[in-house]
Each structure stands twice: as C-alpha cells, then as structure tokens.
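In our numbering, the protein residues as written are 17 to 397. C-beta atoms are modelled at their ideal positions from N, C-alpha and C, and glycine is treated no differently. Have a look at the structure below before the remarks.
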Amino acid sequence: MRIGIVGAGISGLYLTSLLGAKGYEVSLYDPRTPWEKPCGGGITFRTYSAFPVLDGFRSQCLAVHHMRMVAADGEYCTVSYPDPILIASRQELGAYLLTSLESKESVKLIRANVDRVVPQGRRWRLSAAGRRDSCDLLIGADGVNSLVRRTVAARFSKEETALAVGYWVEGAPEEPEVMIGFLSGLSGYIWVFPRKDHLSAGIAVRTGETTGKKLFSCLDGFLKKNLPGFEKRNRTRYSALIPSLSSRGLSANRICGENWALTGDAAGFVDPLTGEGIYYAFRSAELLFEAISCGRLMAYEEACRKDIVPELDCASSYVHRFYDPEVTARLVTLSRDHPAVRNLVADLAAGTQGYLSLKKEVLKILPGLTRDVLSGIFKKR
Ligand SMILES: Cc1cc2nc3c(=O)[nH]c(=O)nc-3n(C[C@H](O)[C@H](O)[C@H](O)COP(=O)(O)OP(=O)(O)OC[C@H]3O[C@@H](n4cnc5c(N)ncnc54)[C@H](O)[C@@H]3O)c2cc1C
Numbered sequence: 017m018r019i020g021i022v023g024a025g026i027s028g029l030y031l032t033s034l035l036g037a038k039g040y041e042v043s044l045y046d047p048r049t050p051w052e053k054p055c056g057g058g059i060t061f062r063t064y065s066a067f068p069v070l071d072g073f074r075s076q077c078l079a080v081h082h083m084r085m086v087a088a089d090g091e092y093c094t095v096s097y098p099d100p101i102l103i104a105s106r107q108e109l110g111a112y113l114l115t116s117l118e119s120k121e122s123v124k125l126i127r128a129n130v131d132r133v134v135p136q137g138r139r140w141r142l143s144a145a146g147r148r149d150s151c152d153l154l155i156g157a158d159g160v161n162s163l164v165r166r167t168v169a170a171r172f173s174k175e176e177t178a179l180a181v182g183y184w185v186e187g188a189p190e191e192p193e194v195m196i197g198f199l200s201g202l203s204g205y206i207w208v209f210p211r212k213d214h215l216s217a218g219i220a221v222r223t224g225e226t227t228g229k230k231l232f233s234c235l236d237g238f239l240k241k242n243l244p245g246f247e248k249r250n251r252t253r254y255s256a257l258i259p260s261l262s263s264r265g266l267s268a269n270r271i272c273g274e275n276w277a278l279t280g281d282a283a284g285f286v287d288p289l290t291g292e293g294i295y296y297a298f299r300s301a302e303l304l305f306e307a308i309s310c311g312r313l314m315a316y317e318e319a320c321r322k323d324i325v326p327e328l329d330c331a332s333s334y335v336h337r338f339y340d341p342e343v344t345a346r347l348v349t350l351s352r353d354h355p356a357v358r359n360l361v362a363d364l365a366a367g368t369q370g371y372l373s374l375k376k377e378v379l380k381i382l383p384g385l386t387r388d389v390l391s392g393i394f395k396k397r
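Rendered as structure tokens:
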C-alpha cells in the first residue's frame with residue numbers, strides 16, 4: 017500500500033516516522049518543513065510524558081516553572097507548575113522530528129506544495145509543483161487550511177476557528193515565566209511564552225469577534241504594561257487561524273473514509289478553550305498509525321471519538337462562560353488567595369487535570385474554599 021501524507025508539521029512527521037519504522041511506503045509532501053509556524057510552542061507535561069519521541073528534544077526547550085495570570089483589571093497571581101512546561105521553537109521541533117525519518121528507507125520527503133488531490137477509482141492522484149503522483153491512502157496532516165479536508169469534506173467555517181495574531185520578540189527572556197492575560201469583552205486570552213533566545217507573544221479570540229488590527233492594539237497595550245522594554249525590542253508579526261470546534265462541529269466532524277484520513281489541526285483537534293494542539297497532533301497521529309497497522313482504517317474515527325473528542329467537547333462547553341471577565345477575575349483572585357485553587361489551575365495548565373473530571377475536583381476543594389472564605393469574612397479585627 018502506498019501512503020501519501022500531505023503536510024510535514026508535527027502530526028505528519030510523527031505519523032510518517034511511525035509508519036516508516038514498520039516499513040510502510042510513504043510519500044510525505046511539504047514545501048517548507050521545518051519552519052517557524054506561528055505558535056506559542058508550549059509543550060505541556062501531558063504531552064512530553066505521553067510521547068517518548070520528545071525525550072531527545074528536551075534539551076532544546078526552555079523549561080518554565082511558573083505562570084503569571086493577569087486579570088483584565090490588572091490583578092495578578094503566580095502559579096507554579098507541578099512539572100515544567102517546555103517551550104520550543106517550532107522550526108527546531110520540526111527539524112528534530114525530521115531527523116527521525118533519516119534512516120527510514122521506505123519514506124520519501126517531497127519538498128513540494130500539493131495543489132490538487134483527485135480521487136481516481138480506489139486511489140488518489142496528487143499534483144505537487146508539476147509532479148504527478150498517486151497513492152492508495154491519502155492523509156491530510158496539512159493544518160487548519162487543509163487542502164485534503166477541503167477535498168474530502170469541507171473547509172472549517174468561520175465559526176469553527178479562532179483568529180490569532182502575535183509577535184516573535186527578540187531577546188532572551190529576563191523572567192522565564194509564562195504570562196497569561198485575560199481580556200474584557202473578548203472570548204480569548206493573551207499569552208507570552210519565553211523561549212531560549214526570544215519569546216512568542218500572541219492573542220487569540222473567536223474569528224469574527226473583532227479585527228486583526230484591534231487584536232494587535234490590545235496585545236500591544238498588554239505588552240507595554242507587562243513586558244519590560246517591549247517597545248525597544250525587534251519583533252516579527254504573525255497571524256494564523258486555529259481550529260476551534262463547537263460540540264455540534266465535533267459531532268458532525270468526519271475524519272476518515274475508506275481511503276483517506278485527517279490528523280492534527282486538519283482534523284480539528286485543538287482545545288477550543290486554550291488553543292493547545294500539539295498534544296492532539298501527536299495523539300491523533302498515533303491513533304491513526306494504530307488503525308492503519310491493524311488494517312482497520314475506520315477504527316481511527318471510533319478511537320478519536322473515545323480518546324480525543326470527549327475532552328474537546330467538554331472544553332467547548334466552557335468557552336463562553338470561562339472568558340467572562342468576572343469569571344477570569346475571580347479565578348485570578350481565588351488562585352492568588354487559595355493554594356487548592358492554585359494547584360488545580362496549575363494541573364489544568366499542565367494538562368494533567370482534564371475537563372471531564374474538573375467539576376468533581378472543584379467539588380472536592382469547595383468545602384475548604386468555603387471555609388477559607390467564610391473564616392476571612394468572620395475573622396475578628
Ligand atoms: C498562534 C498559535 C499559537 C499556538 N500555540 C500553541 C501552543 O503553545 N501549544 C500547543 O500545544 N498548541 C499551540 N497551537 C496549536 C498548534 O500550533 C497546532 O495545533 C499544531 O501545530 C498542529 O500540528 P499539525 O501537524 O496538525 O499542523 P501544522 O503544524 O499546521 O502543520 C501542517 C503542515 O502542512 C503543510 N502544508 C499545508 N498545506 C500543504 C499543502 N497543500 N501541501 C503540502 N504541505 C502543506 C504546512 O507547511 C505545515 O508544515 C498554536 C496555534 C497558533 C496558530
């Protein structure tokens with residue numbers, strides 16, 4: 017079986033390396049891999065502990081132990097991660113994953129943009145910068161604007177994406193801490209992710225809520241206030257879309273057919289609350305590899321519905337309530353004043369606390385929290 021994978025981002029590279037290790041004949045297409053994809057580059061504990069392939073990459077990341085959350089009214093608190101978040105340049109991560117293909121003889125990397133995929137009987141014909149190729153199984157690992165997705169299903173609608181704009185800011189970070197800024201009147205947040213020799217700062221909200229220009233001005237205001245020397249530092253702008261599916265979008269989302277499949281962003285697998293997609297890019301590649309290697313491609317969708325979709329579905333149900341400025345302001349003050357809340361927030365940020373069991377965990381800490389709050393109110397002066 018000849019497999020054509022469009023896109024050598026995280027998902028495409030990881031899937032190719034798994035398939036190549038088993039001798040599958042794979043053609044992987046990407047004109048620019050490895051490249052500095054617009055991204056925070058934050059790799060959570062959940063991700064690096066689940067994928068040993070990342071073990072050799074840790075030394076190229078900045079390990080960050082603290083996160084500062086800033087509410088829209090300027091109140092802030094600092095949370096310590098139980099295990100650090102690793103922050104990396106996407107170009108370096110891509111280059112690292114590419115090295116895992118070097119010894120795989122059945123794998124061909126074709127540095128070309130695929131501009132057309134056409135079904136031909138049970139096979140696919142691909143055109144890539146003047147080349148004509150064919151494959152039996154077509155995989156779309158080609159990100160949020162996926163050509164494969166547009167061919168086999170439909171592109172993401174505006175409502176199914178978030179708009180992100182940001183900067184790569186030159187210079188090593190003085191304070192290696194993650195900064196998260198909450199907004200007033202917009203359903204998203206600002207992030208500042210320090211890397212080894214620069215930082216990635218950005219803002220993401222639901223597409224259509226406001227313009228890119230207004231997002232940049234909101235981000236600039238935050239960075240001027242919170243990032244010393246921001247105005248004097250060289251920076252490069254970026255903007256990008258992030259898949260952000262609602263419950264309805266997730267249940268209608270088709271990610272494979274008899275001879276095609278989608279992974280990572282192309283499949284819509286990004287946490288709609290936080291924009292975290294690196295974990296899902298790896299995980300969906302792994303689930304697809306398992307389905308291909310046991311000869312049951314259709315089992316892939318079933319596996320994702322069990323393993324990935326429930327968490328994303330739960331996250332999507334929190335989006336509107338969570339980004340209410342009153343809620344985020346309360347989250348910041350509660351985290352500042354109560355260690356149990358702070359720990360829960362740290363676990364959420366590290367990915368070790370999922371959304372599905374969040375309510376149960378909140379109920380567990382509630383009695384102590386109520387006691388703290390009430391004893392504060394009734395304390396004798
Ligand atoms: C601003 C921003 C910040 C983010 N921050 C974080 C973060 O800190 N942590 C986190 O976990 N997630 C983050 N994400 C999400 C994360 O970047 C994605 O979920 C992740 O990159 C998905 O990986 P992927 O391999 O599916 O797609 P991509 O990384 O997008 O890779 C797709 C690849 O396909 C190639 N391609 C596209 N079209 C074609 C074509 N026609 N022919 C050939 N090749 C093609 C592209 O060149 C690209 O290399 C962020 C996203 C954005 C936009």
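Residues that residue i bridges to, as DSSP identifies them
i           : result
residue 214 : 186
residue 207 : 196, 218
residue 149 : 142
residue 82  : 96, 193
residue 255 : 181
residue 58  : 103
residue 276 : 154
Backbone secondary structure at residue i - three-state DSSP
i           : result
residue 156 : strand
residue 100 : strand
residue 263 : helix
residue 444 : This structure does not reach residue 444, given that the chain is present from 17 up to 397, and the question cannot be answered.
residue 13  : Lying outside 17 to 397, the shown extent of the chain, residue 13 is not represented and no answer is given.
residue 92  : strand
residue 42  : strand
residue 332 : helix
residue 381 : helix
residue 286 : coil
residue 271 : coil
residue 20  : strand
residue 308 : helix
residue 337 : helix
residue 26  : helix
residue 224 : coil
residue 126 : strand
residue 294 : helix
When the options are compared against residue i, the one with the closest alpha-carbon
i           : options            : result
residue 151 : 116, 277, 377, 263 : 277
residue 283 : 265, 62, 289       : 265
residue 15  : 227, 76, 373, 35   : Given that the chain is displayed from residue 17 to residue 397, the structure contains no residue 15 and the question cannot be resolved.
residue 358 : 84, 77, 23         : 84
residue 87  : 205, 24, 250, 382  : 205
residue 365 : 185, 74, 99, 304   : 99
residue 160 : 270, 66, 120, 285  : 285
residue 192 : 231, 230, 40, 79   : 79
residue 19  : 42, 31, 72         : 42
residue 66  : 374, 368, 375      : 368
residue 29  : 300, 267, 211, 135 : 300
residue 44  : 54, 107, 127       : 127
residue 180 : 202, 189, 163      : 202
residue 162 : 333, 329, 24, 326  : 24
residue 109 : 76, 82, 249        : 76
residue 346 : 233, 231, 144, 385 : 385
residue 46  : 145, 37, 138, 93   : 145
residue 232 : 225, 218, 245      : 218
residue 210 : 166, 227, 190      : 190
residue 263 : 107, 55, 325       : 325
residue 172 : 281, 377, 119      : 281
Under 9 Å between C-beta atoms of residue i and residue j
i           : j           : result
residue 157 : residue 258 : no
residue 351 : residue 130 : no
residue 338 : residue 289 : yes
residue 195 : residue 243 : yes
residue 140 : residue 52  : no
residue 177 : residue 260 : yes
residue 89  : residue 341 : yes
residue 255 : residue 197 : no
residue 50  : residue 102 : no
residue 117 : residue 252 : no
residue 292 : residue 222 : no
residue 297 : residue 27  : yes
residue 316 : residue 303 : yes
residue 72  : residue 294 : no
residue 187 : residue 250 : yes
residue 270 : residue 168 : yes
residue 63  : residue 70  : yes
residue 134 : residue 164 : no
residue 319 : residue 287 : no
residue 199 : residue 275 : no
residue 308 : residue 92  : no
Cutoff 9 Å: residue i Cβ touching any chain B Cβ
i           : result
residue 142 : Absent here is chain B; the protein component of the structure consists of one chain.
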